[in-house]
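Chemist:
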Amino acid sequence: MRLTREQVPTEQTWNLDDLFASQEEWESKLRELQELLPAATRYKGELNNADKLLACLEAEDALAVQLIQLHTYASLRLSEDGTNPANQSRSAQVGDIASQIQSSLSFIRSEILDLPDGSLERFLDEEPGLLPFRKKLLDLYAAKPYRLSAETEAALAALGEVFSAPYLIYNRSKLSDMRFDSVADSAGVMKPVSFALFESDYEMSSDYQLRHAAYESFTKTLQAYQHTFAATYATEVKKQSVLSRLRGYESVTHMLLDTQKVSLEMYHNILDIIGTELAPHMRRYARLKARVLGLEKLAFCDLKVPLDPEFSPKVTTQEAGQTILAALEIMGEEYTAIMKQALDNRWIDYVDNVGKSTGAFCSSPYGAHSFILITWADNMRSAFTLAHELGHAGHFMLAGKYQRYANYRPSLYFIEAPSTLNELLLAQHIREQSDDTRLKRWVNLQLLNTYYHNFVTHLLEGQLQRKVYEAAEADLPITAKQLSEWKGQVLSDFWGDAVELDEGASLTWMRQPHYYMGLYPYTYAAGLTASTAMAGQIRQEGEAAVQRWLEVLKAGGSLSPLELMKMAGVDMSQPDPIREAVRYVGQLVDELEQVF
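If you're matching positions, the sequence shown starts at 101 in my numbering and goes up one per residue.
Okay, structure coming up:
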């Protein structure tokens with residue numbers, strides 16, 4: 101039986117008291133937030149000079165920082181147990197207030213865009229205090245062709261909670277309502293099945309009986325919810341489609357890439373080059389896996405099974421933490437101090453419990469420390485996932501230290517570079533500690549898991565997403581049948597005849613929340629492409645490359661993603677780094693073919 105939240109060991113959970121010591125304090129700060137609103141709205145109709153504009157933007161930032169902390173607390177409570185009515189209520193409360201605030205402050209965007217030509221540049225020259233807001237203001241002004249009337253913008257902002265409903269419904273169904281049949285392993289021991297247990301443990305189990313039985317149980321429940329999930333996702337897509345047309349964008353894709361500051365060419369380069377050039381390498385890997393495992397045909401649910409299960413000892417959270425710290429020493433004292441605080445001071449939630457969110461994430465509210473959610477599975481894959489999320493924490497803690505809130509978060513296109521670099525540094529460290537051929541082979545397998553996650557799982561999500569938005573532009577219906585057909589085609593195009601694809605494989609569009617986060621899936625591959633290049637530079641240059649990277653992390657969102665990556669020494673406007681990363685994966689497969 102899975103434990104409830106009340107039953108899990110406290111020391112294995114995050115300490116949200118670091119954000120708010122009690123529910124009463126959270127409610128008090130929520131009331132205080134509403135009282136702060138007039139400090140910003142008092143400037144309505146007066147943003148026609150530099151002084152008033154600066155004062156208004158600073159008041160808006162102060163509101164945003166407090167709101168993000170309140171919202172993060174409610175969101176993390178919901179993530180730790182989505183079945184708890186108090187957590188559901190708290191999330192709804194802060195969501196309603198966030199929509200009200202966004203509607204009340206929508207005048208800021210409208211009035212800035214209504215300024216006469218040249219006014220913004222003059223204000224920036226007159227008032228040095230506006231310098232931290234320069235990028236935000238210029239990015240806003242660049243979106244002027246797509247703005248709507250002030251009244252319409254206010255109405256859309258007021259509907260913020262409604263617009264987030266598809267994601268809420270998806271998560272609520274997935275975490276609170278879905279139930280899976282328990283299954284027996286090869287020893288006849290009954291095992292509970294959940295989203296988290298399947299994706300973090302059973303899917304990677306070397307126990308053939310457990311792996312296949314869990315997959316059947318998992319697929320059976322997905323099938324029961326497919327039409328509800330399809331309608332929910334179709335609503336999300338329709339929302340984005342309608343908004344893009346209202347604003348006058350050429351397409352949904354153009355609108356979503358505009359927020360990322362990414363060109364259409366950069367977007368298609370990631371999806372097309374990796375999708376085409378990586379496929380032959382991964383097919384070789386699938387055939388190698390089938391041969392080594394003694395399988396006539398590799399099933400979809402066999403893709404994550406370890407090739408050397410006997411050399412995958414259990415790893416505790418403490419052991420993983422020490423190894424990660426040693427691997428990241430190269431990043432210097434300031435960075436590793438953040439890692440140590442996270443590991444020692446309960447920034448991390450490791451346990452599995454009923455209602456807990458699946459997967460792993462790092463939430464970093466400005467003005468507070470990061471919080472990491474993971475479901476620990478006692479294996480090295482969990483250690484790599486932890487290193488990944490600690491990469492996000494290190495990034496945002498440094499960005500928060502050196503940047504104002506307005507320049508805190510970079511584009512999604514860059515987000516996954518700091519996290520995946522930590523994984524690559526961990527692998528590099530483990531390999532350097534030993535001349536053991538088997539150990540190096542095992543590390544290569546861990547690296548391939550990282551590339552599989554970002555260059556296959558999330559990349560193929562991105563390819564499906566591209567098909568979905570193309571269909572939306574053509575006003576084609578989005579149904580469960582159609583989504584499964586598209587996903588099946590994407591998988592078939594990539595794997596060819598190297599993997600046996602079944603109905604459960606086609607239902608993987610139901611498994612990831614990233615579809616509700618704009619064009620997020622493909623950015624995993626973009627980030628890993630950049631971090632692959634960066635890891636190579638660190639190997640070759642050492643301290644000089646590390647210092648460049650740390651400066652990039654400290655820059656936060658003060659530069660565009662292309663500028664950030666060029667600052668690190670990686671030019672993502674060209675296909676070369678993408679092809680280099682694909683070639684590196686091919687080399688890993690070559691090495692595995694030789695040693696096996």
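We put the CB at the ideal spot given by N, CA and C, even for glycine. Owing to the predicted nature of the structure, the values given are computational and were not obtained by experimental measurement.
If you draw a straight line from the alpha carbon of residue 316 to that of residue 383, how long is it in whole angstroms?
Modeler: 24 Å
Chemist: Could you say if the segment 585–603 and the segment 634–641 meet the contact criterion of at least three C-beta pairs nearer than 8 Å?
Modeler: no
Chemist: Span of the alpha helix (DSSP H) holding residue 471?
Modeler: That residue, residue 471, is in no alpha helix (DSSP H); its beta strand (DSSP E) goes 471–473.
Chemist: Where does residue 599 sit, in a helix, a strand or coil, going by DSSP?
Modeler: coil
Chemist: I'd like to know whether the C-beta of residue 375 is nearer than 8 Å to at least one C-beta of chain C.
Modeler: Absent here is chain C; the protein component of the structure consists of one chain.
Chemist: Determine the DSSP secondary structure at residue 191, reduced to helix, strand or coil.
Modeler: Collapsing the DSSP output to three states places residue 191 in a helix.
Chemist: Answer with buried or exposed for residue 432, where buried requires no fewer than 16 other C-beta atoms within 10 angstroms of its C-beta.
Modeler: exposed
Chemist: From residue 556 to residue 423, what does the alpha carbon distance come to, in whole angstroms?
Modeler: 27 Å
Chemist: Less than 8 Å between the beta carbons of residue 264 and residue 195, yes or no?
Modeler: Yes.
Chemist: Mapping DSSP to helix, strand and coil, what is residue 449?
Modeler: strand
Chemist: By how many angstroms is the C-alpha of residue 610 removed from the C-alpha of residue 198?
Modeler: 28 Å
Chemist: Please name the residue in 243, 153, 103 and 654 whose C-alpha comes closest to that of residue 504.
Modeler: 654
Chemist: Within the chosen definition, does the segment 441–461 reach the segment 473–483 through at least 3 CB pairs nearer than 8 Å?
Modeler: yes
Chemist: Under the rule that 16 or more other beta-carbon atoms within 10 Å means buried, what is residue 159, buried or exposed?
Modeler: The residue is buried, with at least 16 neighbouring Cβ atoms inside 10 Å.
Chemist: Among 500, 434, 478 and 444, which residue has its Cα nearest to the Cα of residue 463?
Modeler: 500
Chemist: From 597, 674, 590 and 403, pick the residue whose C-alpha is nearest to that of residue 629; which is it?
Modeler: 674
Chemist: What residues are listed by DSSP as bridge partners for residue 382?
Modeler: DSSP output for residue 382 lists no bridge partner at all.
Chemist: Are the CB atoms of residue 337 and residue 344 within a distance shorter than 8 Å?
Modeler: no
Chemist: Quick one, are the C-beta atoms of residue 548 and residue 631 less than 8 Å apart?
Modeler: no
Chemist: Go to residue 461, then tell me how far its beta strand (DSSP E) extends in each direction, as first and last residue.
Modeler: Segment 461–463, the beta strand (DSSP E) holding residue 461.
Chemist: What are the start and end residues of the alpha helix (DSSP H) that includes residue 430?
Modeler: No alpha helix (DSSP H) holds residue 430; DSSP gives it neither H nor E.
Chemist: The alpha helix (DSSP H) that contains residue 126, what's its start and end?
Modeler: 123–136
Chemist: In the structure shown, what three-state DSSP assignment does residue 290 receive?
Modeler: strand
Chemist: Is it buried or exposed for residue 640, if we count other Cβ within 10 angstroms and need 16 for buried?
Modeler: exposed
Chemist: Does the Cβ of residue 518 have 16 or more other Cβ atoms within 10 Å, making it buried, or fewer, making it exposed?
Modeler: That one is buried.
Chemist: Where does residue 155 sit, in a helix, a strand or coil, going by DSSP?
Modeler: helix
Chemist: Just how far apart, CA to CA, sit residue 579 and residue 334?
Modeler: 7 Å
Chemist: Helix, strand or coil for residue 574? Go by DSSP, reduced to three states.
Modeler: coil
Chemist: Going by DSSP, which residues form a beta bridge with residue 283?
Modeler: 291
Chemist: Might you give, ordered along the chain, the residues of its own chain that have their beta carbon closer than 6 Å to the beta carbon of residue 686, omitting 5 neighbours on each side?
Modeler: 381
Chemist: Quick one: what's got a C-beta closer than 6 Å to residue 583's C-beta in the same chain, skipping five residues either side?
Modeler: 330 and 609
Chemist: If you draw a straight line from the C-alpha of residue 495 to the C-alpha of residue 656, how long is it?
Modeler: Between residue 495 and residue 656, the C-alpha separation is close to 8 Å.
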